[in-house]
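All remarks here apply to the structure that follows.
There are 2 protein chains.
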Amino acid sequence: MAKETKVTIQDIAREAQVSPSTVSRVLSGNAPVVAAKREAVLTAIEALDYRPNVFAQSLASGQSLTIGVLTQRFGNPFYDGILSGILQALEPTPYSPIFGDGRWQTAVEKRALQTLLDRQVDGLIVVGGLSPEAEMLAYAQQVPLIVAAREIPGMSSQCLTIDNKKAAYEATRYLLEMGHQHIAHVTASIYYHGPITDVYQRYQGYVQALTEAGIQPDPQLLAEGDLSQQSGLMAVEKLVGRERPFTAIFAANDQMAVGVRLGLYRRGLRVPEDVSLIGFDDDHNTAYLTPPLTTVRQPAIELGQAAAEALIDLINGRQHTFDTFQASLIIRESVARRR
Amino acid sequence: MAKETKVTIQDIAREAQVSPSTVSRVLSGNAPVVAAKREAVLTAIEALDYRPNVFAQSLASGQSLTIGVLTQRFGNPFYDGILSGILQALEPTPYSPIFGDGRWQTAVEKRALQTLLDRQVDGLIVVGGLSPEAEMLAYAQQVPLIVAAREIPGMSSQCLTIDNKKAAYEATRYLLEMGHQHIAHVTASIYYHGPITDVYQRYQGYVQALTEAGIQPDPQLLAEGDLSQQSGLMAVEKLVGRERPFTAIFAANDQMAVGVRLGLYRRGLRVPEDVSLIGFDDDHNTAYLTPPLTTVRQPAIELGQAAAEALIDLINGRQHTFDTFQASLIIRESVARRR
DNA sequence: AACATATTTGAAATCGTTTTCAGAATAAGT
DNA sequence: ACTTATTCTGAAAACGATTTCAAATATGTT
C-alpha cells in the first residue's frame, strides 16, 4: 500500500556533505552549526522533501511530542468545548494530542489512561473524570499532568476549574432579584455519578443565595437528575407532582434545562410567563431555545487552551500561573420578573 | 518528573532465561515458542510489570499502531457522533486514534493531514473535509484511507456515506403527504462551504419530491445559510420578507432547524400550528425542542464504527464490504397536517 | 608566534524493539 | 539407528534518529 521511498537523515547528510549529527543539530537547533553548512542542510532537506521519522526521534530523545487527553463521553458540549480549545492551542506547537474516552466508567477510564501512558505521552490532560484522587496523584508523579474541570486536593496548582459555587450563587441571586421566592433546583445525583463536585458546588451556591436572602431551602423543591435532557424532563414531573408552588427553576446544566423546558411545555406551563428558567454551561444551541435560555457561560474553549498551554509549560519545566476562569451570567429571555 | 525505572525486553529475557528474540516472539505471537519458555516469559513480564516501548516497536516494525482521524470543526454533533463511533470501535483493538481538525479551511486541513502523515499513522479516516478530490486520491496511494460522510469519485469503495438524496426525498414526501404544498427549504451555500455534496444532495431530494408531486420548486422558497443556527434564524427573515406564503420548512440540518424554530417564534409563528418544520441529523438535543423536532436520523455512531472497522480491515489487507447506511425519518411533533 | 580557550564537527554509542539468518533441538520417516 | 524434515532458538543486524565524546578548527590573548 505505502509506496514512499524513505528519505533518511543519512541521505540528507550525504547530499549536504556533512555528518548525520550535523543534520540532527540543525533540525533540533540545540547546538550551533556554521551558517554555510546549515544552508546546505536546509536546501538538501528541501530538495529531498525529507521528513524525520517520529519514532526514531522519540526513541532516541525520549520525547514523544505527544500529549494525552482523557475526556469523558465524547459529545458532551462542555467537554467538547474544552477539547476544541486544547486542539487549537496545540496546533502551533510540535505536540499532537492523542485522545482517550473514559465514558464516565472508572474501569474504562483506567484502561484509557494506561493506553495513553503506554504511548509515552509527554504530558497528560485529564478532563473531568472519576479516578480516585490517590490515583491521580500517583499519575502526577509519573508524568506532567493537568486536570481540567476538576479539583484534586493536593495538586490544585495543576487544576483548572471554574468557581461553580460562585456562579451558581449569582444565577440564583439573579432569580431572587427578579422577585422569585420559590426557586426549584434540578441537580445531579452524587451517588450515580460519583462525586461530581462541580455539580455539588452549584447546589451549594444555590443554597447560599437562598439562605442569605432569608429563605429556607425547601427539599421539596429539589429534584435529582443525571445531567441528561431526559432527566430534566422527568424532574419537572417530580416537581409539579409534589404540589409545592414554584415560579422559577435553576437547572445544574443546560442539557437538563432543555429537558425541563420541554417538561414545562408538556404541562402547558409557559416560559418565562409562568415559570422562569435558568441553566448552566451555555451550550451552543441554548441561545436558540424558545425562548433563548438565560444561563451561565463556562469558558470551555478558553479553559482548554489554558490547560494545553499550562501543560506545555509544565513539560518544559517553566513556571506557569493560570488566569482564573470566571463564569458569567448570560441574560437572555427565559427569566421574567415575578409579577 | 518521570521516575519510572524502565523495564526493557532485555530484563525480561534475563529474568526468563531466554533471548530477547524469544520474548519478542511471545509478545507478538508471530512465531512459535515452546510452552515452558512462553510461561517463563509471561511470568517474568508479570513480575516486572513490563510494558513494551511503543516507539521502539514502531521503529523496528514499521507499524505505528496509530490511526489518524481528520475531522472538521470539533463540536459539530453529527461529526462528533462519528468520532465517538470510531473511538468505540478502536477501543478493543491495539490501535489508538490521533486527531486533527481541519476547521473547514483547506489550508488548515492540509496541514493537519500532513501532521497525521508525519506521525506515520497506519491508516487514515477523513471525516468530511474540503480537500480536492485529486489530493484525496493521492493520499489514498500513500496510506490506507477511509472517507466518512463524503463521496470521492474513483474511490467509492473506501467511502461511507448515507443516501442523503433519498432521505431528503422522504422527508419532503412526508410533508407533502401531510398536505403541505408550499414547502420552503433552507440549504447551505455551495460557494461558501465548497462542494458539500451531502447538503446539495438533500436539496436534490427536496426538488425531486416536489417535482414528482407536480409542484414546481419555487426559488423564492429557497434560503441559503451556512449550517449554523444563526443562519437558520436569518433564513426565516429572508423567507417571510419575500411574502411568498409557505406552511412548512425543511431545513438541511438540525442546527439550522433550531435557528429556524427561534426565527418563527420571534415572528409569532407557531410550530406546528402555523408552520411545520423538519430538520436533518437528529442532533442530541433536537428531541427536546419545543415542540420536539421531526427530523432525519443519520446513524453517526454506527457510521464511525463501520469506518474504523473498515480501515482496520484495509490495513490488514482483508476485504471488507460495508453495510449501507440508511437515514430514517424520526417523526416527532413539529409537523402538523395542513388544515 | 605561541598558547589557551571557545566553537564546530564527525565517529560511534545509544534508544528498545523486530526480524533475518543460521544453527540446535526435536520429531518424523525409513 | 540414520537421514531428513520440522520446530525452536539466539546472535546480530536493522530501524532512524539523538547525544556523548573527543578531535579539529577558529578565536582571542599575551
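Chains A and B, in that order, give the protein sequences. For the first sequence, position 97 matches number 128 in my numbering, and the numbering has no gaps at all. For the second sequence, position 90 matches number 121 in my numbering, and the numbering has no gaps at all. Every residue, glycine too, gets a C-beta built ideally from N, C-alpha and C.
CB contact check: residue i to chain A, cutoff 9 Å
i: residue 311 (chain B); result: no
i: residue 105 (chain B); result: yes
i: residue 112 (chain B); result: yes
i: residue 90 (chain B); result: yes
i: residue 318 (chain B); result: yes
i: residue 11 (chain B); result: Outside the shown range of chain B (32 to 370) lies residue 11 (chain B), about which nothing can therefore be said.
i: residue 149 (chain B); result: yes
i: residue 101 (chain B); result: no
i: residue 132 (chain B); result: yes
i: residue 326 (chain B); result: no
i: residue 95 (chain B); result: yes
i: residue 286 (chain B); result: yes
i: residue 305 (chain B); result: no
i: residue 409 (chain B); result: In this structure chain B extends from 32 to 370, so residue 409 (chain B) is not present and cannot be described.
Contact under 9 Å by Cβ, residue i with residue j
i: residue 329 (chain B); j: residue 356 (chain B); result: yes
i: residue 338 (chain A); j: residue 158 (chain A); result: yes
i: residue 230 (chain A); j: residue 284 (chain A); result: yes
i: residue 332 (chain A); j: residue 98 (chain A); result: no
i: residue 324 (chain A); j: residue 290 (chain A); result: no
i: residue 177 (chain A); j: residue 148 (chain A); result: no
i: residue 130 (chain A); j: residue 40 (chain B); result: no
i: residue 96 (chain B); j: residue 341 (chain B); result: no
i: residue 206 (chain B); j: residue 279 (chain B); result: yes
i: residue 334 (chain A); j: residue 113 (chain A); result: yes
i: residue 184 (chain B); j: residue 208 (chain B); result: no
i: residue 293 (chain A); j: residue 301 (chain A); result: no
i: residue 360 (chain B); j: residue 201 (chain B); result: yes
i: residue 153 (chain B); j: residue 123 (chain B); result: no
i: residue 47 (chain B); j: residue 75 (chain B); result: yes
i: residue 327 (chain A); j: residue 298 (chain A); result: no
Residue i - containing beta strand (DSSP E), residue span
i: residue 203 (chain A); result: That residue, residue 203 (chain A), is in no beta strand (DSSP E); its alpha helix (DSSP H) goes 195–208.
i: residue 113 (chain A); result: Note, residue 113 (chain A): premise wrong, no beta strand (DSSP E); alpha helix (DSSP H) at 108–121.
i: residue 43 (chain A); result: From DSSP, residue 43 (chain A) is part of no beta strand (DSSP E) but of the alpha helix (DSSP H) over 40–47.
i: residue 165 (chain A); result: Premise fails: residue 165 (chain A) lies in the alpha helix (DSSP H), 164–173, not in any beta strand (DSSP E).
i: residue 318 (chain B); result: It is not in any beta strand (DSSP E) - residue 318 (chain B) carries neither H nor E in the DSSP assignment.
i: residue 176 (chain A); result: 176–179
Simplified DSSP assignment, three categories, for residue i
i: residue 339 (chain B); result: helix
i: residue 86 (chain B); result: helix
i: residue 374 (chain B); result: Because residue 374 (chain B) is not part of the residues shown, which for chain B are 32 to 370, the question remains open.
i: residue 35 (chain A); result: Caution applies to residue 35 (chain A), whose pLDDT of 49 falls short of 50 and renders its modelled position unreliable; the value that the coordinates give is listed next. The answer is coil: DSSP assigns residue 35 (chain A) none of H, G, I, E or B.
i: residue 255 (chain A); result: strand
i: residue 149 (chain B); result: helix
i: residue 307 (chain B); result: strand
i: residue 53 (chain A); result: helix
i: residue 358 (chain A); result: coil
i: residue 157 (chain A); result: strand
i: residue 344 (chain A); result: helix
i: residue 282 (chain A); result: strand
i: residue 366 (chain B); result: coil
Segment limits, alpha helix (DSSP H) that includes residue i
i: residue 80 (chain A); result: From DSSP, residue 80 (chain A) is part of no alpha helix (DSSP H); its letter is neither H nor E.
i: residue 292 (chain B); result: 285–297
i: residue 132 (chain A); result: Counting along the chain, residue 132 (chain A) falls outside any alpha helix (DSSP H), though it belongs to the beta strand (DSSP E) covering 127–132.
i: residue 241 (chain B); result: 228–243
Rounded distance between the beta-carbons of residue j and residue i, thought under 8 Å
i: residue 254 (chain A); j: residue 270 (chain A); result: 5 Å
i: residue 101 (chain B); j: residue 160 (chain B); result: 6 Å
i: residue 303 (chain B); j: residue 366 (chain B); result: 6 Å
i: residue 219 (chain A); j: residue 258 (chain A); result: 5 Å
i: residue 71 (chain B); j: residue 49 (chain B); result: 7 Å
i: residue 127 (chain B); j: residue 363 (chain A); result: Not a contact, Cβ separation roughly 41 Å.
Any C-beta of chain B under 9 Å from that of residue i
i: residue 32 (chain A); result: Model confidence at residue 32 (chain A) stands at a pLDDT of 37, short of 50, so the residue's coordinates are unreliable; what they give is reported in the following sentence. Answer yes: the Cβ-Cβ gap between residue 32 (chain A) and chain B drops below 9 Å somewhere.
i: residue 349 (chain A); result: no
i: residue 321 (chain A); result: yes
i: residue 289 (chain A); result: yes
i: residue 119 (chain A); result: yes
i: residue 330 (chain A); result: no
i: residue 298 (chain A); result: no
i: residue 42 (chain A); result: no
i: residue 260 (chain A); result: yes
i: residue 188 (chain A); result: no
i: residue 35 (chain A); result: Low local confidence applies: a pLDDT of 49 at residue 35 (chain A) is under 50, so the model's placement there is unreliable, with the coordinate-based value given in what follows. Answer yes: the Cβ-Cβ gap between residue 35 (chain A) and chain B drops below 9 Å somewhere.
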